[in-house]
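K.L.:
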Amino acid sequence: MFVPVPIKSSTTLYALIFDSQKNAVVYFSRTIPVEQSPTDAHVLRSQFAKLFTHKKYLKR
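Under this note's numbering, the letters of the sequence shown match residues 1 to 60, in that order.
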């Protein structure tokens, strides 16, 4: 007997800024996995905002 296993979908965003002149990673950030629909615009918007909440990137 085959019983389908439900698969939880999750979303994790990664951001990497690389300086090609210095050959160095300038900024790296990722969000924690969120177990909600990966196509939900609200979820993606909030995760994208969390990627750049580092002190250097806050608007003054």
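Where is the CB? At the ideal position from N, CA and C, for every residue including glycine.
Indicate whether residue 52 and residue 13 have their beta-carbon atoms separated by less than 8 angstroms.
P.N.:
Indexing the sequence shown from 1 puts residue 52 at position 52. Indexing the sequence shown from 1 puts residue 13 at position 13. No, they are not a contact pair.
K.L.:
Rounded to a whole number of angstroms, what is the C-alpha to C-alpha distance between residue 69 and residue 30?
P.N.:
Beyond the ends of the chain as shown, which are 1 and 60, falls residue 69; an answer cannot be given.
K.L.:
What first and last residue would you give for the alpha helix (DSSP H) that runs through residue 10?
P.N.:
Position 10 of the sequence shown holds residue 10. From DSSP, residue 10 is part of no alpha helix (DSSP H); its letter is neither H nor E.
K.L.:
Closer than 8 angstroms by C-beta to residue 43: which residues in its own chain qualify, once you throw out the five before and the five after it? Chain order, please.
P.N.:
In the sequence shown, the residue the question calls residue 43 occupies position 43. Cβ within range, chain order: 11, 34, 36 and 37.
K.L.:
Once the 5 residues before and after residue 19 are set aside, which same chain residues still bring their CB inside 6 angstroms of it?
P.N.:
Here residue 19 refers to the residue found at position 19 of the sequence shown. Answer for residue 19: 26, listed in chain order.
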